[in-house]
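Trainee: After the C-alpha cells below, expect a handful of questions from me.
2 protein chains.
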Amino acid sequence: MDKIRFGILGPGKISHRFMKGIAFAEDAEVVAVASRDLMKAEAFKSQYGLRYAYDDYVKMLENPEVDMVYIATIPSMHYEQIMLCLRYHKHVICEKPLLADSAAIKECFAYAGSQGLFLMEAQKAPFNYLNQEIKRRLEQGIIGQVKYIEAAYCYASFAQNYEHWVYRREDGGGMFDVGVYAIAYANMMAGSPLQKIQAMADRTPTGCDGFAVAMLEYENGVKAVVKGAIELNTENKALIYGTEGYIETVNFWKNTKATIYRGDTKEDIEIPMPTDFYPEIEAAVSGVKAQLLQSPIMNEEASLQIMKVLEYVRQV
Amino acid sequence: MDKIRFGILGPGKISHRFMKGIAFAEDAEVVAVASRDLMKAEAFKSQYGLRYAYDDYVKMLENPEVDMVYIATIPSMHYEQIMLCLRYHKHVICEKPLLADSAAIKECFAYAGSQGLFLMEAQKAPFNYLNQEIKRRLEQGIIGQVKYIEAAYCYASFAQNYEHWVYRREDGGGMFDVGVYAIAYANMMAGSPLQKIQAMADRTPTGCDGFAVAMLEYENGVKAVVKGAIELNTENKALIYGTEGYIETVNFWKNTKATIYRGDTKEDIEIPMPTDFYPEIEAAVSGVKAQLLQSPIMNEEASLQIMKVLEYVRQV
C-alpha cells in the first residue's frame with residue numbers, strides 16, 4: 001500500500017485542522033470530502049485541491065480510491081456513519097467521543113475486526129508528543145510515585161441554544177463534549193484500568209451536564225479528578241502529583257510545554273510537534289500501514305475506559 | 001463583665017499565634033496557661049507576662065479569674081477537655097477540628113447550652129475579613145450565580161512518623177488535619193446545608209487519609225470539590241466560579257488578598273486584618289460579652305456540617 005487515501009465525512013471547522021495535520025504526513029493524503037451540503041463539500045475540495053466532493057456519503061464510500069475515512073460529524077451521527085464506512089470496507093478514524101455508549105463501541109470494534117479494518121477514536125492527548133514524553137518520565141520516576149491527577153476542560157458558551165447538539169442529554173454536555181479530553185488524559189497518565197467512578201453534575205434544562213466533575217480511582221491506586229463544562233469557564237490545565245513533585249500543563253490535549261516541579265527546582269520542558277492533529281493522524285496511518293486493526297494506544301479498551309466515565313456521569 | 005480573661009490549654013506553636021491575635025483584642029486578655037509540662041507552661045507565662053502557669057488542667061479551671069479557655073491541644077484530647085472546661089463553668093473556644101464525630105459535637109453543645117456557656121470551634125476562614133467581604137460580594141451577584149467552589153489545603157510532611165497523632169485513623173489524616181479548612185470555606189461560601197457527599201481517599205498504613213478529595217453538593221445547587229492532604233503538596237488555594245466570573249484566593253483561611261475575574265477584567269481586592277487569629281477571637285469574645293451561647297457564624301450547625309464531610313471521608 002502506498003499513501004493512505006482519506007475521505008472526510010463532514011467538512012466542518014475541525015476538518016480544516018485535520019487538513020493542517022495531514023499536510024505533515026508523508027504516508028497519507030486526503031482525496032475526497034462528503035457533506036450533505038454540496039456547496040460546503042465543493043468549497044472544501046477546492047480549498048485543498050482534493051479530487052472528489054460529494055453530497056452523498058455513500059457515493060464517497062463507493063469510491064475505491066478512498067482507503068480510510070475521517071469522521072468529523074456530530075456525535076449522534078457517529079454510530080451510523082462508522083458502521084456505514086466499515087460496510088464499504090473503509091478504515092475509520094472518528095472524532096471523540098467515538099460513540100454514545102459501551103455497547104456501541106464493542107459492536108463497532110467487533111465489526112471492524114471481523115472485516116479486517118482499522119478503527120480508532122480521534123483523541124489528541126494520548127498521542128501528543130509532550131504527553132508521551134511526560135508519560136516516559138513518569139515511568140522513570142521523575143516525580144516519585146504518581147498519586148493524583150487533575151485535568152479540566154471547561155468552557156462557557158452561554159449561547160444556551162438548547163437546540164444545539166451540545167445540549168443533547170445522551171451525547172452532549174460538558175463531560176461528553178470536552179471533559180472527554182480530561183478523561184483520556186487522566187486514563188493515559190494513570191496507566192491502569194478504572195476501578196471506581198464517582199461524579200456530580202449540574203444539569204441544563206435539556207438534561208445534559210452544564211458542568212460535571214468525576215473522581216476516578218484506578219486499579220494501581222492512582223486517583224484523579226476530571227472536569228468538563230459547557231457552561232462554566234475554568235482554567236483548562238492538568239496537574240500530575242507524585243510523592244516527589246508535580247507536573248503542570250495548560251491545554252494538555254494539544255500543548256507542547258510543561259513544567260516539572262521537584263522540591264525547590266522548576267524545569268520547563270518543551271516537546272514540539274508539527275501541529276496538534278498530526279500525532280494522532282500519524283498513529284492511525286502507521287497502524288493501517290502495519291495492518292493493525294487497532295491502535296496500540298487508542299484502542300477499543302481505551303475508548304471503553306473513557307466511555308465508562310461518560311456513561312457514569314450521564315446517570316448521576 | 002469587663003475583659004474576658006482567657007486560660008490557655010496547651011501552650012504549643014498555635015498558642016503563640018493565638019497570643020499574637022489576642023494582643024489586638026481590647027475586650028480580652030490571657031491570664032493563665034496550663035500544660036502537662038510545667039517548664040513549658042512557665043516559659044509561656046513568662047514570655048507573655050501572664051499571671052498563672054499550671055501543670056494541671058483542673059487547677060487552672062479552679063481559678064475564678066479564668067472566664068474562658070482556649071483549647072489548643074491535639075484533637076484526641078478535645079472531647080475530654082471541652083467537657084472538663086464546661087464542668088468548671090468556663091466558656092470555650094477549641095481548635096479545629098472541634099471533635100471527632102457528630103455525636104460528640106451535639107453532646108458538647110448541649111452541655112454548654114445547658115450550663116449557659118459559649119462554645120465555638122476555632123475556624124479562621126469563616127471570620128477572615130477578606131472571606132466575609134467576598135461573601136458579601138457574592139450575595140450582591142459579583143460573579144453572577146455561584147455554581148462551583150474549589151478549595152484545597154494539602155501538604156506533604158513526609159516525616160511519616162506513624163506514631164504522630166496526625167496519622168491517627170479516627171482524628172488524623174489530611175482531611176481532618178487541614179482539609180477541614182477547605183470544608184469550612186466551601187460550606188461558608190456555598191451558604192447552604194450539605195445535601196450529598198462523595199469522597200475518595202489514599203490511606204496511609206495507619207488507616208488515615210494521606211490525601212482525600214470530597215465532592216460536595218449543597219441544597220441550593222452549589223457544588224464544591226475540597227482536598228486535604230498530609231502526604232501530598234498541592235497549591236493551597238480556593239476558587240469560586242459563577243456564571244459571570246470567578247474569584248481566586250491563595251491561603252484562603254488566612255489571606256487578605258483575592259482576585260476577581262469577570263470577562264476580560266481582573267480586580268485585585270485586599271481587606272486587611274490585624275493578624276490571622278484576631279477575627280475569630282474577636283467573634284468569640286464579642287459573643288461571650290453579648291451573652292450568646294453560640295457564634296452566629298461558627299455555631300453547632302456549622303461544626304456539624306463540617307463534621308459530616310470528615311465522617312464521610314473516614315469511612316470511604
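Sequence order for the protein chains is E and Y. Note that the UniProt record's numbering gives residue 36 to position 36 of the first sequence, counting from 1, and the numbers run on in steps of one. Note that the UniProt record's numbering gives residue 298 to position 298 of the second sequence, counting from 1, and the numbers run on in steps of one. We put the CB at the ideal spot given by N, CA and C, even for glycine.
1. Shorter than 7 Å from the beta carbon of GLU217 of chain Y to some beta carbon of chain E?
2. Does the beta-carbon distance from LYS254 of chain Y to ASP268 of chain Y come in below 7 Å?
3. Can you round the beta-carbon distance between PRO75 of chain E and ASP209 of chain E to whole angstroms, since I take them to be within the 8 Å contact cut?
4. LYS40 of chain E to ILE281 of chain E, Cα distance in whole Å?
5. Can you tell me where the beta strand (DSSP E) with ARG203 of chain Y in it begins and where it stops?
6. Could you spell out where the beta strand (DSSP E) holding ILE240 of chain E opens and where it closes?
7. As a quick exercise: from Y:GLU95, Y:PHE211, Y:LYS308 and Y:PHE44, pick the residue whose alpha carbon is nearest that of ILE230 of chain Y.
8. With distances taken between CB atoms, is the gap from PHE127 of chain Y to PRO279 of chain Y smaller than 7 Å?
9. Below 8 Å, how does it come out for the segment 258 to 273 of chain E and the segment 147 to 162 of chain E: are there three or more Cβ pairs, yes or no?
10. Check distances from the C-beta atoms of the segment 196 to 207 of chain E to those of chain Y and list, in chain order, the residues that come in under 7 Å.
11. For chain Y, check one thing: does any of its Cβ atoms lie closer than 7 Å to the Cβ of LEU232 of chain E?
12. Check the Cβ of TYR148 of chain Y against every Cβ in chain E and list those closer than 7 Å, keeping chain order.
13. Quick one: list the residues of chain E neighbouring VAL225 of chain Y, beta-carbon separation under 8 Å, in chain order.
14. Could you compute how far the alpha carbon of ILE297 of chain E sits from the alpha carbon of SER303 of chain E?
15. What first and last residue would you give for the beta strand (DSSP E) that runs through GLY228 of chain E?
16. Using DSSP's beta-bridge definition, name the partner residues of LEU259 of chain Y.
17. Within 8 Å, do at least three Cβ pairs link the segment 182 to 200 of chain Y to the segment 134 to 142 of chain Y?
18. Looking at the structure shown, is ILE105 of chain Y part of a helix, part of a strand, or coil, going by DSSP?
19. For TYR241 of chain Y, go through chain E and note every residue whose CB falls closer than 7 Å to its CB, in chain order.
20. Give me, in chain order, the residues of the same chain whose beta-carbon lies closer than 7 Å to that of GLN305 of chain E; leave out the 5 immediate sequence neighbours on both sides.
21. What's the C-alpha gap between ILE143 of chain E and MET215 of chain E?
22. Identify whether MET68 of chain Y lies in helix, strand or coil by the three-state DSSP scheme.
23. Since ILE197 of chain E contacts TYR312 of chain E with CB under 8 Å, what's their CB separation in whole angstroms?
24. Go ahead and label VAL250 of chain Y buried or exposed: buried means 16 or more other beta carbons lie within 10 angstroms of its beta carbon, across all protein chains shown.
25. Note down the Cα distance separating LEU50 of chain E from MET83 of chain E, rounded to an integer number of angstroms.
26. Do the segment 104 to 119 of chain E and the segment 50 to 66 of chain E meet, that is, are 3 or more Cβ pairs less than 8 Å apart?
27. Given ALA258 of chain E, which residues of its chain have a CB within under 7 Å of its CB, disregarding the five upstream and five downstream residues?
28. Taking the alpha-carbon positions, what's the TYR261 of chain E to ASN236 of chain E distance?
29. CB-CB under 8 Å to ALA283 of chain E, same chain, minus the five flanking residues each way: which ones, in chain order?
30. Using only CA atoms, which one of Y:MET307, Y:ILE4 and Y:VAL316 lies nearest to ALA104 of chain Y?
Mentor: Reading off the structure:
1. yes
2. no
3. Going by Cβ atoms, the distance from PRO75 of chain E to ASP209 of chain E rounds to 14 Å, so no, they are not a contact pair.
4. 23 Å
5. 194 to 203
6. 237 to 242
7. Y:PHE211
8. yes
9. no
10. GLN198, MET200 and ASP202
11. yes
12. PHE211 and LEU232
13. VAL213 and VAL225
14. 10 Å
15. 223 to 229
16. Checking the sequence shown, residue 259 of chain Y turns out to be Thr, not Leu. THR259 of chain Y is bridged to Y:GLU248 and Y:ASP268.
17. yes
18. helix
19. LEU232 and THR234
20. ASN187, PRO193 and LEU194
21. 22 Å
22. strand
23. 4 Å
24. exposed
25. 25 Å
26. no
27. LEU130, ILE134, ILE247, GLU248, THR249 and ILE269
28. 19 Å
29. MET120, PHE127, SER295, ILE297 and MET298
30. Y:MET307
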